[in-house]
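The opening position of the sequence shown corresponds to residue 34 in this note's numbering, with each subsequent residue numbered one higher.
Quick reminder that beta carbons are idealized off the backbone N, C-alpha and C, glycines included.
Note that the coordinates shown come from a computational prediction; the quantities given were computed from them, not determined experimentally.
As structure tokens, the structure follows; a few thoughts come after it.
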Amino acid sequence: MRGIAAILGLGLAVAVARPAVGADLPVFTDITEQAGIRFKHSIGDFKLSNIVEGTGAGALFFDFDNDGWLDIYLVTGRWHEDVSDNFGRQLRGKLSNRLYRNNHDGTFTDVTERAGVGGKGFSFGASAADFDHDGDLDLYVLTYGENEFYRNEGNGKFTDISKSSGLADPRWSLHSVWFDYDDDGDLDVFVVNYLEYDKGKFRAYYAAANYPGPLSYPGQPDALYRNNGDGTFTEVTKEAGLYNEEGRGMGVTLADFDNDGRPDLYVTNDAMANDLFRNLGGGKFKEEALEREAAFGESGQNVSSMGPCFGDVDHDGWLDLYVPDMDYGCLLMNRRDRFEDRTTATGLAVICGQYIGWGGILFDYDNDGWMDLFIANGNAHNEYTENPVLVRSDGQGRFIDVARQSGTYFQKKYVGRGASFADFDNDGDLDLLVVNLNSAPKLLRNDGGNRNHWLMVAPRTAGGKRDAVGARVTVTAGPLVQFLDACPTRCYLSQGDPRLHFGLGTATKVDRVEVRWPDGSKSEVKDVPANKVLTIVQPAG
């Protein structure tokens, strides 16, 4: 590895062979049962009757035991006196979150009880990060009520440090993202908070909607917690410029959208404008969503923005955004100083307009070097099923609906919510895990994506102990140039594979891998063979 002068300029000219739309496509195979995943999500009750129950849950991929294989953590609701009907009391003590260890052979073993991470609260999302620099991933669970934070002891067990750490936020939290906002070398956490639920007191609503919507309740501000380096955290939301009193946050992701070397925050909100917090450096942010045209869609949509995901869809060197929504969703293309909504122009409006989108994932499922898109769909107020969406980039600015060609999973309908991505079987293509409301999740193995070549890059901080969250990795293979920012939190209430995945098409090697580290320094590796996981450790100093 050696220093380099720059990674990206103002844009990238790409002369790459376009992928053939009619090519033999991969399929996703539902292996949930044979993999040993016996979990079923619950709303903590028998009848869907309020917005807490309808919000759903996400899924977490993380390697909790450091064996190089990604494990799965699934969260659930449970009976709560603020939320649930009296009849649902019989579910008390019968519902819990579950941790599944990857057995390296396509199966998983439930190790929840030994690990001690079954949880106590009505849970929605989970994230993992090494907050204490001890080389293993700690677990943060977002709930209705006090959030739960578990320190990984490195022996297969976790210790609940929710209260002592200062992260037991009592507000209704949905998700969180970890990053070093103040450049002091340890990971801080930004928590997305949703609504102030009134325990069901407000009942004036359209009967067909089943229960009141988000505008019936006050929003709650999100929160940024600074890591004090001693096992505790301090809230610094206002000082950092991230305070939004109205709140209603539903999702968050982290990426350097303006290519200035500092990661920015994009927060999706329910029934109001989304927030784009530009990182000014020095631990300060400025909200610029409206001026950058990232607050709404092209028709002013702000019905219900769900989990944001990012990727360089058009290979121009700038990270774009996809935001699932109750109204078409929004593909926001980054035009350097603003975003342009290309939902209609790319064909997504026609495909997605009939659905309510929740878990959206931009990923290259066929390893041809172009970002494709998966969306988990489901009715927001009733347990009405909808089709999932899988569209493939044609390399010319449009997405083609390929769901019906992509496996029996896409022949059925679901009440979809969160979705996550990972190469859980380490075979070189990205698999999916979809959470369905009040039902079993679906673990979908990608079969055939690795017919094309690939490279996964794991950037690690100095010493190799921790994922380098916020690092930018650029991969060059002939005329194909791709990049991603290291942030696995880029889907609804979920966290995916921390390794950055790049499809290479027919290329058998990568000419150059460049890493821009969070501190601005740069490293380079040349002539990397395809079809491997490349770990790059930041040089000391």
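Residue i - DSSP class collapsed to helix/strand/coil
{"i": "Phe457", "result": "coil"}
{"i": "Thr62", "result": "strand"}
{"i": "Asp560", "result": "strand"}
{"i": "Val222", "result": "strand"}
{"i": "Thr109", "result": "coil"}
{"i": "Asn483", "result": "helix"}
{"i": "Asn292", "result": "coil"}
{"i": "Glu186", "result": "coil"}
{"i": "Gln528", "result": "strand"}
{"i": "Phe443", "result": "helix"}
{"i": "Thr145", "result": "helix"}
{"i": "Gln429", "result": "coil"}
{"i": "Arg437", "result": "helix"}
{"i": "Gln515", "result": "strand"}
{"i": "Val570", "result": "strand"}
{"i": "Cys520", "result": "coil"}
{"i": "Arg134", "result": "strand"}
{"i": "Leu172", "result": "strand"}
{"i": "Ala409", "result": "strand"}
{"i": "Arg122", "result": "helix"}
{"i": "Leu323", "result": "coil"}
{"i": "Leu381", "result": "helix"}
{"i": "Ala452", "result": "strand"}
{"i": "Lys555", "result": "strand"}
{"i": "Val346", "result": "coil"}
{"i": "Phe372", "result": "strand"}
Presumed contact (8 Å Cβ cut-off) between residue i and residue j, rounded CB distance
{"i": "Arg545", "j": "Glu557", "result": "6 Å"}
{"i": "Arg147", "j": "Phe141", "result": "Actually they are not in contact, since the Cβ atoms of Arg147 and Phe141 sit about 14 Å apart, beyond 8 Å."}
{"i": "Ala504", "j": "Ala519", "result": "5 Å"}
{"i": "Phe516", "j": "Leu463", "result": "With 8 Å as the limit, Phe516 and Leu463 do not qualify as a contact, their Cβ atoms being about 17 Å apart."}
{"i": "Thr522", "j": "Val210", "result": "4 Å"}
{"i": "Ala92", "j": "Val468", "result": "5 Å"}
Outcome for residue i when other beta-carbon atoms lying within 10 angstroms are tallied against a minimum of 16
{"i": "Ala271", "result": "According to the sequence shown, residue 271 is Lys rather than Ala. Counting Cβ neighbours within 10 Å, Lys271 comes out exposed, since fewer than 16 surround it."}
{"i": "His137", "result": "exposed"}
{"i": "Arg174", "result": "The displayed chain sequence assigns Val, not Arg, to residue 174. Under this definition Val174 is a buried residue."}
{"i": "Glu66", "result": "exposed"}
{"i": "Val383", "result": "exposed"}
{"i": "Lys555", "result": "buried"}
{"i": "Gln528", "result": "buried"}
{"i": "Tyr238", "result": "exposed"}
{"i": "Glu419", "result": "buried"}
{"i": "Glu229", "result": "exposed"}
{"i": "Phe120", "result": "exposed"}
{"i": "Lys234", "result": "exposed"}
{"i": "Pro251", "result": "exposed"}
{"i": "Gly393", "result": "buried"}
CA-to-CA distance, residue j to residue i, given in whole angstroms
{"i": "Leu309", "j": "Arg478", "result": "34 Å"}
{"i": "Leu364", "j": "Gln123", "result": "44 Å"}
{"i": "Ser571", "j": "Gly496", "result": "Note that residue 571 is Gln in the sequence shown here, rather than Ser. Distance between the alpha carbons of Gln571 and Gly496 is about 8 Å."}
{"i": "Glu324", "j": "Phe223", "result": "23 Å"}
{"i": "Gly154", "j": "Ser129", "result": "9 Å"}
{"i": "Asp480", "j": "Val60", "result": "5 Å"}
{"i": "Glu114", "j": "Arg236", "result": "17 Å"}
{"i": "Tyr361", "j": "Ile408", "result": "11 Å"}
{"i": "Asp427", "j": "His486", "result": "18 Å"}
{"i": "Cys342", "j": "Val514", "result": "20 Å"}
{"i": "Glu279", "j": "Asp171", "result": "30 Å"}
{"i": "Leu43", "j": "Phe72", "result": "For Leu43, the pLDDT reaches just 32, beneath the cut-off of 50, and the residue's location in the model is therefore unreliable, although a value from the coordinates is still provided. So the two alpha carbons sit approximately 47 Å from each other."}
{"i": "Ala413", "j": "Arg425", "result": "26 Å"}
{"i": "Glu186", "j": "Asp57", "result": "46 Å"}
{"i": "Ala436", "j": "Ala501", "result": "34 Å"}
{"i": "Ile76", "j": "Thr267", "result": "32 Å"}
{"i": "Phe329", "j": "Glu86", "result": "26 Å"}
{"i": "Asp456", "j": "Phe535", "result": "12 Å"}
{"i": "Ser472", "j": "Ile84", "result": "17 Å"}
{"i": "Ala90", "j": "Asn459", "result": "25 Å"}
{"i": "Asp291", "j": "Gly350", "result": "10 Å"}
{"i": "Gly189", "j": "Asp263", "result": "23 Å"}
{"i": "Leu248", "j": "Asp297", "result": "27 Å"}
{"i": "Val566", "j": "Gly511", "result": "19 Å"}
{"i": "Tyr244", "j": "Leu81", "result": "9 Å"}
{"i": "Ala378", "j": "Arg431", "result": "7 Å"}
{"i": "Trp112", "j": "Tyr214", "result": "36 Å"}
{"i": "Gly380", "j": "Gln253", "result": "35 Å"}
{"i": "Gly553", "j": "Tyr177", "result": "38 Å"}
9 Å Cβ cutoff, residue i in contact with chain D
{"i": "Leu207", "result": "Chain labels in this structure do not include chain D; a single protein chain is all it has."}
Q. What alpha helix (DSSP H) runs, 4 residues minimum, are completely inside the segment 65-96?
A. Correct list: 84-87.
(Q) As an exercise, report each continuous beta strand (DSSP E) stretch of at least 3 residues that is fully enclosed by the segment 193-273, in chain order. (A) Runs of the beta strand (DSSP E) inside the segment 193-273: 206-212, 221-226, 256-260 and 266-268.
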